[in-house]
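> Structure provided below as structure tokens; questions to follow.
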Amino acid sequence: MNGPLPRNADIADQLDLLADLSELLGEAGFRVLAYRRAATRIRDTPSSVAQLALEGKAKELSGIGATIEQKIVEVVEDGEMHALTRRRDQVPGDVPLFMRLPGLGPKTAARIWSELGITTLAELRAAAEAEQLRTLAGLGAKTEEKVLKALAEGMGEREPARGLLGAGLPVVRQFLEELRAHPAADRVSEAGSIRRRRETFRDLDLIATASDPAALTAHLVRLPAVHEVVAHGDTKATIVTAQGFRVDLRVVPPESYGSLLQHFTGAKDHNLALREDAVRRGFSVSEYGVTVVETGEVHRFTEEADLYAFLGYAFIPPELRENGGELEAARNGSLPTLVGVGDLKGDLHSHTTWSSDGKSTMEEMARAAIERGYEFLAVTDHSHYLREGRLEQQAAELAALSEQVAPFRLLHGIEANIRVDATLDVDDEALAGLDWVIASVHHAQDRNPTERILAAMDNPNVDAIGHLTGRRIGRRTGADVDLERIVEHAIETGTVLEINSQPDRLDLRDSHARLAGEAGARITVSTDAHSARALGYAELGIGQARRAWLTKEQILNSRPWREIEKLRR
DNA sequence: GCCGTTTTCGGCCCGACTGTTTTCAGTCG
Numbered sequence: 002m003n004g005p006l007p008r009n010a011d012i013a014d015q016l017d018l019l020a021d022l023s024e025l026l027g028e029a030g031f032r033v034l035a036y037r038r039a040a041t042r043i044r045d046t047p048s049s050v051a052q053l054a055l056e057g058k059a060k061e062l063s064g065i066g067a068t069i070e071q072k073i074v075e076v077v078e079d080g081e082m083h084a085l086t087r088r089r090d091q092v093p094g095d096v097p098l099f100m101r102l103p104g105l106g107p108k109t110a111a112r113i114w115s116e117l118g119i120t121t122l123a124e125l126r127a128a129a130e131a132e133q134l135r136t137l138a139g140l141g142a143k144t145e146e147k148v149l150k151a152l153a154e155g156m157g158e159r160e161p162a163r164g165l166l167g168a169g170l171p172v173v174r175q176f177l178e179e180l181r182a183h184p185a186a187d188r189v190s191e192a193g194s195i196r197r198r199r200e201t202f203r204d205l206d207l208i209a210t211a212s213d214p215a216a217l218t219a220h221l222v223r224l225p226a227v228h229e230v231v232a233h234g235d236t237k238a239t240i241v242t243a244q245g246f247r248v249d250l251r252v253v254p255p256e257s258y259g260s261l262l263q264h265f266t267g268a269k270d271h272n273l274a275l276r277e278d279a280v281r282r283g284f285s286v287s288e289y290g291v292t293v294v295e296t297g298e299v300h301r302f303t304e305e306a307d308l309y310a311f312l313g314y315a316f317i318p319p320e321l322r323e324n325g326g327e328l329e330a331a332r333n334g335s336l337p338t339l340v341g342v343g344d345l346k347g348d349l350h351s352h353t354t355w356s357s358d359g360k361s362t363m364e365e366m367a368r369a370a371i372e373r374g375y376e377f378l379a380v381t382d383h384s385h386y387l388r389e390g391r392l393e394q395q396a397a398e399l400a401a402l403s404e405q406v407a408p409f410r411l412l413h414g415i416e417a418n419i420r421v422d423a424t425l426d427v428d429d430e431a432l433a434g435l436d437w438v439i440a441s442v443h444h445a446q447d448r449n450p451t452e453r454i455l456a457a458m459d460n461p462n463v464d465a466i467g468h469l470t471g472r473r474i475g476r477r478t479g480a481d482v483d484l485e486r487i488v489e490h491a492i493e494t495g496t497v498l499e500i501n502s503q504p505d506r507l508d509l510r511d512s513h514a515r516l517a518g519e520a521g522a523r524i525t526v527s528t529d530a531h532s533a534r535a536l537g538y539a540e541l542g543i544g545q546a547r548r549a550w551l552t553k554e555q556i557l558n559s560r561p562w563r564e565i566e567k568l569r570r
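Positions 2 to 570 (my numbering) are the ones given, in order, by the first sequence.
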């Protein structure tokens, strides 16, 4: 076997497909569940699972045993899992896609295939139009209608799109404000993946209690931001906004608010693990309360914290609820105190109009940073725009402005480019005179990214590596870097790794940042702001940092500049 | 398939909704 190892995402995709195919073939449900759990675990693992499997250490990941480890080795050595190859031969191409359509699960999809001989999405559409699906017992006109509607919208052919956290959060806040303003509203909260600050979302979940639930759902569907009402009942409503975001509101009884908020915040795997653990200890947990199995006694919780406490856990911040070890830590008292957006003392990555894509002047950026309560701001324009004396001109402007804004500290920095040959596009002499130097890969990110980044770290003038993988969420996967070597070298050289807070970057991603933090690397939460307003993206980066279990002490720019200066290499 | 403060065997979350049904299986979150 030559060439690069398969990516974790590729292995996870194969296991998910194996799960789908196994389900269609009617295999044991718990094996299917195991494949899916393993796929999730592999996606969330920061280091190369292929490498771990070759070393016989993938088994140490929970949810992965000897059998699945062997399947991963097969992917490395033979390019595909044998179990997957066999099932691919048995199930015609489009049949797994049937399951993406609403109302069609594995059982129904399998019957459409085996009893009607339908194997493509085109045939499925034709059969629905010809009213042939209803010849199957249990299927009727409604099902045909839903299938046709979904096919017309392109479901089945592509994965449903996910929105960016940075786009969804302001929308959620707007709805929260408008719902809270209604007289019937009591408590209103965000829930779901947006509350966990996951980088993308499928829909925006809201939970509320109300003196008059029906009045609150009626209020929601009449708000100006509502483009389409999908469902509207007395306690539940679903709407779609003009930008295409789906918003779900559930109004719940106040005595179970804590349980329900916990349930609808998820993640699914967190709730599953919580409930399995509860079953082992004689409790049955549902969204309405906790039942003591032996006595049948039901405990209800108005507060989430009380629910966790009853089950013997410290309160688990939503960002940690991904079944990534948080339950164990909450039981033995080792949960970290997570960094908060208020802990930041400044921003170490920003752009001004000195970069042609910068929207705000240096002064506007400085004023915005002061407005946020910051003590410092590093101006780190792109090296490309600072040639032929412009770096010196910028230094002069910065010095003059610094006097006006003192004691606020304006730092002169740069974002240098790591070239394909691993050299930087700014000479060392110029770099040495600056307060803060970021080195970033901007071009040809797939050509030796790891070696280029390691080489940049060897330059003593480099303080930090910007947006490590160069990914653009939903558009570009990002470089397949050797994270462990990079983190190790960052620690050896004292180079800082950045969590870039741009909504479509969030790079380091959560799992990468967690590994970096556990290893002891220094991390910044920086915005890479190209406008004064974009300094507010810090909350997205903080969300990512919290998902990575990071504390204030681990985030370099939670310290005053004089301390950071001393820690500089 | 995985996993273990009762277990290396025998478990594996819980409830609501939907469509098609005379009592529920399948789907969904």
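Backbone N, C-alpha and C define an ideal beta-carbon position, used for all residues, glycine too.
1. Select from Thr201, Val227, Val231, Val189 the residue whose C-alpha is nearest the C-alpha of Pro214.
2. Does DSSP put Met156 in a helix, in a strand, or in coil?
3. Count the CB pairs spanning the segment 115-130 and the segment 86-99 that are closer than 8 Å, and state whether there are at least three.
4. For Leu568, count neighbouring Cβ atoms within 10 angstroms of its own Cβ and tell me buried if that reaches 16, exposed if not.
5. Checking 8 Å against the spacing of the C-beta atoms, do Ala539 and Thr552 come in under that value?
6. Which one or two residues does DSSP pair with Ile208 in a beta bridge?
7. Hey, out of Leu516, Gly518, Gly467, whose CA is closest to Leu507's CA?
8. I need the straight-line Cα distance from His183 to Ile208, nearest angstrom please.
9. Spell out a yes or no on whether the segment 69-88 and the segment 13-23 are touching, meaning 3 or more CB-CB pairs, one atom from each, closer than 8 Å.
10. Look up Met2 in the DSSP assignment and say whether it is helix, strand or coil.
11. If you draw a straight line from the C-alpha of Val293 to the C-alpha of Leu308, how long is it?
12. Nearest to Arg420 by alpha carbon, out of Leu536, Tyr36, Ile524, Thr451?
13. Compute the distance between the beta-carbons of Ala533 and His352, then report whether it is under 8 Å.
14. Does the distance from the CB of Ser384 to the CB of Val427 come in under 8 Å?
15. Pro171 to Leu137, Cα distance in whole Å?
16. So does the segment 162-169 actually touch the segment 283-292, counting three or more Cβ pairs closer than 8 Å?
17. Taking Cβ to Cβ, would you say Val252 is nearer than 8 Å to Thr210?
18. May I have the straight-line CA-CA distance separating Thr296 from Gly245, to the nearest angstrom?
19. Would you kindly work out how many angstroms separate the C-alpha atoms of Ala243 and Gly475, rounded to a whole number?
20. So Leu378 packs on Ala465, CB below 8 Å; how close in whole Å?
21. Looking only at its own chain, which residues have a Cβ that is under 7 Å from the Cβ of Gly313, when we skip the five neighbours before and after it?
22. What is the C-beta distance between Ile439 and Thr381, in whole angstroms, given that I count them as a contact (C-beta under 8 Å)?
23. Excluding five sequence neighbours on each side, which residues of the same chain lie with their C-beta closer than 8 Å to the C-beta of Thr236?
24. With DSSP as the reference, label Phe409 as helix, strand or coil.
25. Rounded to whole angstroms, what is the Cα-Cα separation between Met2 and Ala67?
26. Helix or strand or just coil, what does DSSP make of Lys58?
27. Consult DSSP for Trp562 and reduce its assignment to one of helix, strand or coil.
28. Does the segment 318-333 come close enough to the segment 257-276 that 3 or more CB-CB pairs lie under 8 Å?
29. Just the Cα atoms here: how many angstroms apart are Glu364 and Leu402?
30. If you reduce the DSSP assignment to three classes, tell me which class Gly347 lands in.
31. Can you have a look at Arg196 and say buried or exposed, based on whether 16 or more other CB atoms are within 10 angstroms of its CB?
32. As a quick exercise: from Ile119, Leu152, Asp17, pick the residue whose alpha carbon is nearest that of Thr41.
33. Helix, strand or coil for Arg473, going by three-state DSSP, please let me know.
34. Please report the distance separating the alpha-carbon of Gly374 from that of Lys346.
35. By alpha-carbon positions, which one of Ala153, Arg181, Ile487, Arg570 ends up nearest to Leu435?
Checking against the coordinates, here is how it stands:
1. Val189
2. strand
3. yes
4. exposed
5. no
6. Ser190, Arg251
7. Gly467
8. 14 Å
9. yes
10. Because the pLDDT of Met2 is 47, which lies under 50, any placement of that residue in the model is unreliable, and the number read from its coordinates should be weighed accordingly. Three-state result, Met2: coil.
11. 13 Å
12. Thr451
13. no
14. yes
15. 46 Å
16. no
17. yes
18. 48 Å
19. 20 Å
20. With 8 Å as the limit, Leu378 and Ala465 do not qualify as a contact, their Cβ atoms being about 15 Å apart.
21. Arg332
22. 5 Å
23. Pro214, Ala215, Thr218, Arg251, Val252, Val253
24. coil
25. With a pLDDT of 47 at Met2, under the threshold of 50, the modelled position of this residue cannot be trusted; read the value that follows with caution. Each residue's alpha carbon lies about 21 Å from the other.
26. coil
27. helix
28. yes
29. 7 Å
30. strand
31. buried
32. Asp17
33. strand
34. 8 Å
35. Arg570
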